[in-house]
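First to last, the sequence lines map onto chains A and B.
In terms of the numbering used here, the first sequence opens at residue 13 and continues consecutively.
In terms of the numbering used here, the second sequence opens at residue 13 and continues consecutively.
By construction, the Cβ of each residue, glycine as well, lies at the ideal position given by its N, Cα and C atoms.
A quick note: this is a predicted structure, and the numbers were derived from the prediction, not measured.
Number of protein chains: 2
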Amino acid sequence: AKKACLKVWNFLKKAWELGADEPRKVVHCLKVGIALTIVSLFYYMRPLYEGVGGNAMWAIMTVVVIFEYTVGATVSKCLNRATGTFLAGFLAVGVHWIANQSGENFEPIIVGVSVFLLASAATFSRFIPVIKARFDYGAMIFILTFSLVSISGYRVEKLFNMAHQRLSTIIIGTSICILISVLVCPIWAGEELYHLIIRNMNKLENSLDCCVAQYFNNTDINEETEKKLEGYKCVLNSEATEESMAGFARWEPAHGRFSFQHPWNQYLKIGASMRNCAYCIEALNSCVISENQAPEFIKKRLSDLCFRVNTNSSSVIRELAMKIKTMRKSTKLDVLVEEMNIAVEELRNDLKSLPGLLISPPKSPENDKGEPILTTSSTTTVPLVEVIPLGTFASLLIEIAARVEA
Amino acid sequence: AKKACLKVWNFLKKAWELGADEPRKVVHCLKVGIALTIVSLFYYMRPLYEGVGGNAMWAIMTVVVIFEYTVGATVSKCLNRATGTFLAGFLAVGVHWIANQSGENFEPIIVGVSVFLLASAATFSRFIPVIKARFDYGAMIFILTFSLVSISGYRVEKLFNMAHQRLSTIIIGTSICILISVLVCPIWAGEELYHLIIRNMNKLENSLDCCVAQYFNNTDINEETEKKLEGYKCVLNSEATEESMAGFARWEPAHGRFSFQHPWNQYLKIGASMRNCAYCIEALNSCVISENQAPEFIKKRLSDLCFRVNTNSSSVIRELAMKIKTMRKSTKLDVLVEEMNIAVEELRNDLKSLPGLLISPPKSPENDKGEPILTTSSTTTVPLVEVIPLGTFASLLIEIAARVEA
Chain A
13 AKKACLKVWN
23 FLKKAWELGA
33 DEPRKVVHCL
43 KVGIALTIVS
53 LFYYMRPLYE
63 GVGGNAMWAI
73 MTVVVIFEYT
83 VGATVSKCLN
93 RATGTFLAGF
103 LAVGVHWIAN
113 QSGENFEPII
123 VGVSVFLLAS
133 AATFSRFIPV
143 IKARFDYGAM
153 IFILTFSLVS
163 ISGYRVEKLF
173 NMAHQRLSTI
183 IIGTSICILI
193 SVLVCPIWAG
203 EELYHLIIRN
213 MNKLENSLDC
223 CVAQYFNNTD
233 INEETEKKLE
243 GYKCVLNSEA
253 TEESMAGFAR
263 WEPAHGRFSF
273 QHPWNQYLKI
283 GASMRNCAYC
293 IEALNSCVIS
303 ENQAPEFIKK
313 RLSDLCFRVN
323 TNSSSVIREL
333 AMKIKTMRKS
343 TKLDVLVEEM
353 NIAVEELRND
363 LKSLPGLLIS
373 PPKSPENDKG
383 EPILTTSSTT
393 TVPLVEVIPL
403 GTFASLLIEI
413 AARVEA
Chain B
13 AKKACLKVWN
23 FLKKAWELGA
33 DEPRKVVHCL
43 KVGIALTIVS
53 LFYYMRPLYE
63 GVGGNAMWAI
73 MTVVVIFEYT
83 VGATVSKCLN
93 RATGTFLAGF
103 LAVGVHWIAN
113 QSGENFEPII
123 VGVSVFLLAS
133 AATFSRFIPV
143 IKARFDYGAM
153 IFILTFSLVS
163 ISGYRVEKLF
173 NMAHQRLSTI
183 IIGTSICILI
193 SVLVCPIWAG
203 EELYHLIIRN
213 MNKLENSLDC
223 CVAQYFNNTD
233 INEETEKKLE
243 GYKCVLNSEA
253 TEESMAGFAR
263 WEPAHGRFSF
273 QHPWNQYLKI
283 GASMRNCAYC
293 IEALNSCVIS
303 ENQAPEFIKK
313 RLSDLCFRVN
323 TNSSSVIREL
333 AMKIKTMRKS
343 TKLDVLVEEM
353 NIAVEELRND
363 LKSLPGLLIS
373 PPKSPENDKG
383 EPILTTSSTT
393 TVPLVEVIPL
403 GTFASLLIEI
413 AARVEA
């Protein structure tokens, strides 16, 4: 029993930390609570409507299902739901009319066949990538509404009346959702994406700095540097988030510094470039933790230039992050890129002179276990050669970013 | 008009290709159609039940919302829905009873506050990773049912009767879903995961082969090799799929060669190792497309050993794939790993003798644009040094895989 208590306590503590870390999530929860309470009491207080079956239900269901974390997601679900319901209702009434005309024997057959065909087709459409990305929810609602209307048409004679009622309740639910999500502490998918990209850039920069410092200084890895070092993994894993955010951001109205048709796709391109950089850092990182290390004298010789390349690329990334943050053209950027390229060039030249150095190593490189380790040339050059594509990627990044707010 | 026609035609063609590529998706669509038709006609034919509001709706809704592509996903949604509905119904009846006892004035307040609190709490719980992964849908259903029952309690006096009816319709819907998804051409999440892992292993092997061959032969890249070369990108992107599959596979009953508690987590570990290898191949690949190439004579000297390392690691990966496929212990595996390690060792030794070679390059390496290119030592060694961690990763992979079906 004590163990179970401890488990529950730990769980609650974690939940509390989550809430304290991201207060906006708590705000979102309160928003959902408010929206639901309003809808519930709205129907609770009005004795005009008959019991549960009819209408109140649809409004509540709409609120529960549609209310999402960001404004964009909520709007996109609202539109999906409205379109799906409308289309399906329209079709179902049509099928119902045909079935009615063709006599009592054929009626169930026509209804059955139409449900079968349309449900299969709509389910299939959900596998098509374009539709899956934008209209997945709409297709589901389409199937649901179509089946409901086509079988209920038989019993409820006032089909249009029902459709009218259902639509009105959905409109009530939808508008409450949209109003609350826009008016009460709105969380914009676009803004989230923007902050995510900037945060990832900073992480990338920190990772790169740590990685190079680690390689040349061989300091002990404490928890903080470890955390910074691992920052690039966030960049690797954020592809799905970025894509869904950009998808939702498209539905959002103008807000803050973002216009309605802000070029969200550019953010995805920046994200992709950052992932390319992160792959490089991953490779660099594997050099840092590798057992085969170059001897100190080679490292020392190259460390200055490596640090320069590193500092330059970092400041390019930082400047890019600033540029995206302020959405202004940066005059310093070109200079920084130029400097970075010069540093890379120097490093290349220095590498050229290395083979000459290597014929007279002070001692044959063998580690204490007697295992042969790699010759200096190969081990030292790895991180350097890695730094170079990093420079290349960084300049790629620049080119793309230059297009964003041109 | 012609343009629009062409667009529609292209869309249909793409959809047709998708269906032809993966006939099981089409089968899934037909299964959904069948399930919905059965439920629809079931209620259409029975005049015992009153109109739409009451019950038929819930069965249809259950089928539409719950029927998923794999058996595991369907079962997990069924359990979620049942648990969520039951818990929420139970709580709502309790709250309703308390509200009833406390007089007419307090009733709406108690209902409102309880809806607000529980909806907020349940929404918050959906942000907690553990719950999000497994019980996201259950939490949503909990909110929905609780709100519905607590406001409907006011009108429908026969609350228990309603609960009974709703539960029975949900059970009908759920059982139809599970029966059809298990009996008609079942698609098991576990089996999908298993095939995905094996397919990815083969892609990884092909990518590696192509990459090394490309580097040393410099043949033109035609479409087929291009496709093989890019295979590792699939491995990089399949993390999310693997995780959701493994999550669903846990709910599946024993089927085929898989028992109920098959160690699905091991597949995730293998997937993670494969992603590590894919990062290496990404780095290798950037060497292949790089402008800085080592001179031919160095490449030739090393190509034999590189190919040996490559062939050995490829056959280790192939053997591993076989091992996972047949789920047997492989006797050959240890021998292959041994061979691979020997080849890696030889390559290392050969690299050691390189610096001596480099002092007398036949001509100063400058490409035709006059730009200085990297010295041979750095450029040649890159792919080799990259091959070595690849070997390391491959042996890591082995260790993990060895644990799977031990």
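For His267 (chain A), no alpha helix (DSSP H) encloses it, and the DSSP letter there is neither H nor E. Its chain contains Cys197, Ile199 as the residues whose beta carbon lies nearer than 8 Å to that of Arg36 (chain B), once the 5 sequence neighbours on both sides are disregarded; these appear in chain order. Among the residues facing chain A, Ile188 (chain B) is not included, as its CB has no counterpart in that chain under 9 Å away. When the beta-carbon positions are compared, Gly185 (chain A) and Ile78 (chain A) come within less than 9 Å of each other. Annotation: the continuous alpha helix (DSSP H) that includes Ile121 (chain A) extends over 115-137.
By a beta-carbon distance limit of 8 Å, Arg93 (chain A) contacts Tyr149 (chain A). Their separation comes to about 7 Å. Within the segment 278-295 of chain A, the residues whose Cβ lies closer than 8 Å to any Cβ of chain B are, in chain order, Tyr291, Cys292, Glu294, Ala295.
Secondary structure in the segment 185-252 of chain B: the alpha helix (DSSP H) runs of 4 residues or longer, each lying completely within the stretch, are 201-229, 235-241, 243-249 in chain order.
Here Ala131 (chain A) is buried. Its C-beta has 16 or more other C-beta atoms within 10 Å. In this structure, Ala333 (chain A) lies near Asn214 (chain A), with their beta-carbon atoms less than 9 Å apart. Sixteen is the threshold: since fewer than 16 other Cβ atoms of the shown chains lie within 10 Å of the Cβ of Val347 (chain B), the residue is exposed.
Inter-segment contact for the segment 247-262 of chain B and the segment 278-289 of chain B is present: three or more beta-carbon pairs are separated by less than 8 Å.
Of all alpha-carbon atoms in B:Arg330, B:Asn297, B:Gly202, the one lying nearest the alpha-carbon of Phe272 (chain B) is that of B:Gly202. Looking at the backbone, the Cα of Phe319 (chain B) and that of Phe319 (chain A) are separated by about 35 Å.
His176 (chain B) and Ile50 (chain B) have their C-alpha atoms some 22 Å from each other. For Lys240 (chain B), same chain residues with a beta-carbon under 7 Å away, outside a window of 5 residues either side, are Asn218, Ser219, Cys222 in chain order. With a threshold of 9 Å between beta carbons, Pro120 (chain A) makes contact with chain B. The Cβ atoms of Val44 (chain B) and Val75 (chain B) sit closer than 9 Å to each other. With its beta carbon at least 9 Å from every one in chain A, Tyr227 (chain B) lies outside the interface. Per DSSP, the continuous alpha helix (DSSP H) segment holding Glu29 (chain A) begins and ends at 14-33. One thing to note: Leu156 (chain A) has its Cβ within 9 Å of the Cβ of Ala100 (chain A). If you draw a 10 Å sphere on the C-beta of Asn322 (chain A), you find 16 or more other C-beta atoms in it, and that means buried. At a cut-off of 9 Å between C-beta atoms, Met257 (chain B) does not count as an interface residue with respect to chain A. With contacts defined as CB atoms closer than 9 Å, Val161 (chain A) and His108 (chain A) qualify as a contacting pair. Here DSSP, grouped into helix, strand and coil, assigns Ile140 (chain A) to coil. Contacts with chain B at 9 Å (Cβ-Cβ) do not include Leu195 (chain A). Chain-order list of chain B residues neighbouring Lys37 (chain A): Phe136, Phe139, by C-beta distance under 8 Å. In this model, Arg340 (chain B) and Ala290 (chain A) are separated by some 37 Å (Cα to Cα). Distance from the CA atom of Val224 (chain B) to the CA atom of Glu238 (chain B), rounded to whole angstroms, is 13 Å.
Taking 9 Å as the cut-off between beta carbons, the residues of the segment 20-32 of chain B near chain A are Phe23, Lys26, Ala27, Leu30, Gly31, in sequence order.
Judged by their CB atoms, Ile293 (chain B) and Leu208 (chain B) are not nearer to each other than the 9 Å cut-off.
Out of A:Met69, A:Trp70, A:Asn297, the CA that lies nearest to the CA of Phe228 (chain A) is found in A:Asn297. Chain B places no beta carbon closer than 9 Å to that of Met334 (chain A), leaving this residue out of the contacts.
Collapsing the DSSP output to three states places His108 (chain A) in a helix. When 7 Å is used as the limit between beta carbons, Val127 (chain B) is near these residues of chain A: Leu48, Thr49, Ser52, in chain order. Of all residues in the segment 145-161 of chain A, only Met152, Ile155, Leu156, Ser159, Leu160 come within less than 7 Å of chain B when Cβ atoms are compared, listed by chain position.
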